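Below is one structure; the comments refer to it alone.
Residue numbers (UniProt numbering), protein chains in the order written: chain X, 1 to 121; chain A, 1 to 206.
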């Protein structure tokens, strides 16, 4: 069965870049969201088992989204994909329950490596 | 200079420039954070196609009442040229000098040194980041002081641009817990916009 994957980023270019970076042999059903609020809706509908989440977004940012997911115990494996690569950002999202922190721009190799590392692929 | 052809950018292109800037600005901020031992608060970069005489409006992060100091640095690579401006709110310097543990009196000479140090880091890293994503190798010229302790309008006036329209990327950096505020402005020349748009279109292709 196809894995429900959610890509959440306010930039349409970044969403596209992320979708392209997913392994070609991975059977997925991709849903897109532009901010955290939309992402949470999608996750509640069961369409975000694996989530690629940006941090800097309007309406509801990545940190707030992670905090909500954690507090409400939503079922989602979140991988943060961020342009903010300061050590503090990584520490903070890990504490908020993100599986991994990937630097933008995302590459196909990096995506495959992380998915394999966590046994998702 | 081709004045008759009007340059423009589409919404998709603007989004792409913004995302590229976002990544580049993050890399630059990471270096600054490590240098100063602080957390840099990252904004959403603002990308606009504007008239050069509208530059003041692009600098939303700095108030009219503030006095500022700034440097500019030209760059060129693969037929894409422009200028990078780094403008500091003058109140920033005392915090920067203490974070860098500079000894001695904070005079205009030391402020200039600090300004040049930070400019080298931020401008260099940002251009490298943009260049990597667009597959362009930018060479940078020598930094030039635009002014110290002046108001923003005077600082921008002192510069004589030979082009009218510019693709402007504004990044306003603030430092958490400190009174440090600076605006990094990357200005691409009118002639560069066509080349840049083609590069961005290539990235946007399916």
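Glycine included, C-beta positions come from ideal geometry on N, C-alpha and C.
If you're wondering where the values come from, they're calculated on a predicted model, not measured in any experiment.
- Query: Rounded to the nearest angstrom, how far is the Cβ of residue 36 (chain A) from that of residue 26 (chain A), given a contact under 8 angstroms?
  - Reply: Start at 1 with the first residue of the second chain, and residue 36 (chain A) comes out as number 36. Start at 1 with the first residue of the second chain, and residue 26 (chain A) comes out as number 26. In fact, because the Cβ distance is near 16 angstroms, the residues do not count as touching under 8 angstroms.
- Item | Boundaries of the alpha helix (DSSP H) in which residue 197 (chain A) is found, first to last residue | The residue labelled residue 197 (chain A) in the question sits at position 197 within the second chain. Run containing residue 197 (chain A): 190-204, per the alpha helix (DSSP H) assignment.
- Message: Tell me the DSSP secondary structure of residue 133 (chain A) in three-state form.
- Response: Here the question's residue 133 (chain A) lines up with position 133 in the second chain. DSSP places residue 133 (chain A) in helix when its eight states are reduced to three.
- Going along chain A in order, which residues have a C-beta closer than 8 angstroms to the C-beta of residue 88 (chain X)? Sequence index remark: in the first chain, residue 88 (chain X) carries index 88 (1-based). 33 and 39, listed in chain order.
- Terminal residues of the continuous beta strand (DSSP E) containing residue 82 (chain A)? Position 82 of the second chain holds residue 82 (chain A). 80-89 is the span of the beta strand (DSSP E), which, as asked, contains residue 82 (chain A).
- Report the option in A:109, A:86, A:165 and A:184 whose CA atom is closest to the CA atom of residue 171 (chain A). What you label residue 171 (chain A) is simply residue 171 of the second chain in a count that begins at 1. For the residues A:109, A:86, A:165 and A:184, the minimum Cα distance to residue 171 (chain A) belongs to A:184.
- Message: Per the DSSP calculation, residue 165 (chain A) is bridged to which residue(s)?
- Response: Locating residue 165 (chain A) in the second chain gives position 165, where the first residue counts as 1. Looking at the DSSP assignment, residue 165 (chain A) forms a beta bridge with A:51.
- Could you give the DSSP three-state label for residue 59 (chain A): helix, strand or coil? The residue labelled residue 59 (chain A) in the question sits at position 59 within the second chain. Three-state result, residue 59 (chain A): coil.
- Count the other CB atoms within 10 Å of the CB of residue 2 (chain A); is the residue buried (16 or more) or exposed (fewer)? The residue given as residue 2 (chain A) occupies position 2 in the second chain. Its pLDDT being 48, under 50, residue 2 (chain A) is placed unreliably in this model, and the value from its coordinates should be taken loosely. An exposed status is given to residue 2 (chain A), since fewer than 16 other beta-carbon atoms sit within 10 Å of its beta-carbon.
- Can you find a CB in chain A that lies within less than 7 angstroms of the CB of residue 36 (chain X)? Looking up residue 36 (chain X) in the first chain gives position 36. For residue 36 (chain X), the answer is no, since every Cβ of chain A falls outside 7 angstroms of its Cβ.
- Message: I believe residue 80 (chain A) touches residue 192 (chain A) by the beta-carbon criterion, under 8 angstroms. Please report the beta-carbon distance rounded to the nearest angstrom.
- Response: Sequence index remark: in the second chain, residue 80 (chain A) carries index 80 (1-based). Sequence index remark: in the second chain, residue 192 (chain A) carries index 192 (1-based). Their Cβ separation, rounded to whole angstroms, is 4 angstroms, which keeps residue 80 (chain A) and residue 192 (chain A) in contact under 8 angstroms.
- Does the Cβ of residue 116 (chain X) lie closer than 6 angstroms to at least one heavy atom of the ligand ATP? Because no ligand of any kind appears in the structure shown, any question about the ligand ATP cannot be addressed here.
- Message: At the 7 angstroms Cβ level, is residue 105 (chain X) part of the contact set with chain A, yes or no?
- Response: Here residue 105 (chain X) corresponds to residue number 105 of the first chain, with the count starting at 1. For residue 105 (chain X), the answer is yes, since a Cβ of chain A falls inside 7 angstroms of its Cβ.
- Message: Out of A:144, A:16 and A:32, which one is the CA nearest neighbour of residue 85 (chain X)?
- Response: As a working note, residue 85 (chain X) is residue 85 in the first chain. Residue A:32 holds the alpha-carbon nearest to the alpha-carbon of residue 85 (chain X) among A:144, A:16 and A:32.
- Which residues, in chain order, does the region 62-91 of chain X contribute to contact with chain A at a C-beta distance below 9 angstroms? Of all residues in the region 62-91 of chain X, 82, 83, 84, 85, 86, 87, 88 and 89 have a Cβ within less than 9 angstroms of some Cβ in chain A.
- Option nearest residue 106 (chain A) by Cα separation, candidates A:91, A:173 and A:119: Position 106 of the second chain holds residue 106 (chain A). The candidate whose alpha carbon is nearest that of residue 106 (chain A) is A:91.
- Message: Less than 7 angstroms between the C-beta atoms of residue 65 (chain X) and residue 28 (chain X), yes or no?
- Response: Walking along the first chain from the start, residue 65 (chain X) turns up at place 65. Walking along the first chain from the start, residue 28 (chain X) turns up at place 28. No; because the gap between Cβ atoms is not below 7 angstroms, this pair is not in contact.
- Message: List, in chain order, every chain X residue whose beta-carbon is nearer than 8 angstroms to that of residue 119 (chain A).
- Response: Along the second chain, one-based indexing puts residue 119 (chain A) at 119. The contacting residues do not exist; residue 119 (chain A) stays about 20 angstroms from chain X at best.
- Message: Suppose you measure from the CA of residue 40 (chain A) to the CA of residue 1 (chain X); what does that come to, to the nearest Å?
- Response: One-based indexing of the second chain puts residue 40 (chain A) at position 40. One-based indexing of the first chain puts residue 1 (chain X) at position 1. Here the C-alpha atom of residue 40 (chain A) lies approximately 43 angstroms from the C-alpha atom of residue 1 (chain X).
- Identify, in the order they occur along the chain, each residue of the same chain with its Cβ nearer than 6 angstroms to the Cβ of residue 32 (chain X), setting aside the five sequence neighbours on each side. As a working mapping, residue 32 (chain X) is identified with position 32 in the first chain. Cβ neighbours of residue 32 (chain X) within its own chain (closer than 6 angstroms, five residues either side excluded): 7 and 15.
- Task: Determine whether the Cβ of residue 14 (chain X) lies closer than 7 angstroms to any Cβ atom of chain A.
- Result: Here residue 14 (chain X) is taken as the residue at index 14 of the first chain, counted from 1. Interface residue, yes.
- Task: Spell out the partners DSSP gives residue 77 (chain X) in its beta bridges.
- Result: Counting from 1 along the first chain, the entry for residue 77 (chain X) is found at position 77. Within the DSSP secondary-structure output, residue 77 (chain X) pairs in a beta bridge with X:50.
- Message: Counting C-beta neighbours from all protein chains within 10 Å, is the total for residue 4 (chain A) 16 or more, i.e. buried, or is it exposed?
- Response: Against the second chain, residue 4 (chain A) aligns to sequence position 4. The predicted position of residue 4 (chain A) is uncertain, since its pLDDT is 46 and thus under 50; a value taken from the coordinates is nonetheless stated next. Answer is exposed; the Cβ neighbour count stays below 16.
- Own chain partners of residue 120 (chain X) with C-beta closer than 7 angstroms, once the 5 adjacent residues on each side are dropped: The count along the first chain starts at 1 and reaches residue 120 (chain X) at position 120. 50 and 77.
- Message: Just list the residues that DSSP pairs residue 182 (chain A) with in beta bridges.
- Response: By one-based count along the second chain, residue 182 (chain A) stands at place 182. Beta-bridge partners of residue 182 (chain A) (DSSP): A:88 and A:173.
- Item | Pairwise C-alpha distance: residue 72 (chain X) and residue 143 (chain A) | Position 143 of the second chain holds residue 143 (chain A). Position 72 of the first chain holds residue 72 (chain X). Near 52 angstroms, if we compare the C-alpha coordinates of residue 72 (chain X) and residue 143 (chain A).
- How about residue 2 (chain A): is its C-beta nearer than 7 angstroms to some C-beta of chain X? The sequence position of residue 2 (chain A) within the second chain is 2, counting from 1. With a pLDDT of only 48 at residue 2 (chain A), under 50, the local geometry of the prediction cannot be trusted, and the value read off the model is given with reservation. Answer no: the Cβ-Cβ gap between residue 2 (chain A) and chain X never drops below 7 angstroms.
- Query: Is the beta carbon of residue 22 (chain X) less than 7 angstroms from the beta carbon of residue 111 (chain X)?
  - Reply: In the first chain, counting from the first residue as 1, residue 22 (chain X) sits at position 22. In the first chain, counting from the first residue as 1, residue 111 (chain X) sits at position 111. In this structure, residue 111 (chain X) lies closer than 7 angstroms to residue 22 (chain X) by Cβ.
- Cα separation between residue 61 (chain A) and residue 70 (chain X)? The sequence position of residue 61 (chain A) within the second chain is 61, counting from 1. The sequence position of residue 70 (chain X) within the first chain is 70, counting from 1. C-alpha separation (whole angstroms): 34 angstroms.
- Task: Determine which residues share a DSSP beta bridge with residue 77 (chain A) and list them.
- Result: Counted from its first residue, the second chain places residue 77 (chain A) at position 77. Residue 77 (chain A) is bridged to A:80.
- With residue 64 (chain A) and residue 196 (chain A) assumed to form a contact (beta carbons below 8 angstroms), what rounded beta-carbon distance in angstroms separates them? The count along the second chain starts at 1 and reaches residue 64 (chain A) at position 64. The count along the second chain starts at 1 and reaches residue 196 (chain A) at position 196. Residue 196 (chain A) and residue 64 (chain A) do not touch by the CB rule: their CB atoms are close to 31 angstroms apart, not below 8 angstroms.
- Message: So for residue 65 (chain X), helix, strand or coil by DSSP?
- Response: What you label residue 65 (chain X) is simply residue 65 of the first chain in a count that begins at 1. Of the three classes helix, strand and coil, the one that applies to residue 65 (chain X) here is helix, per DSSP.
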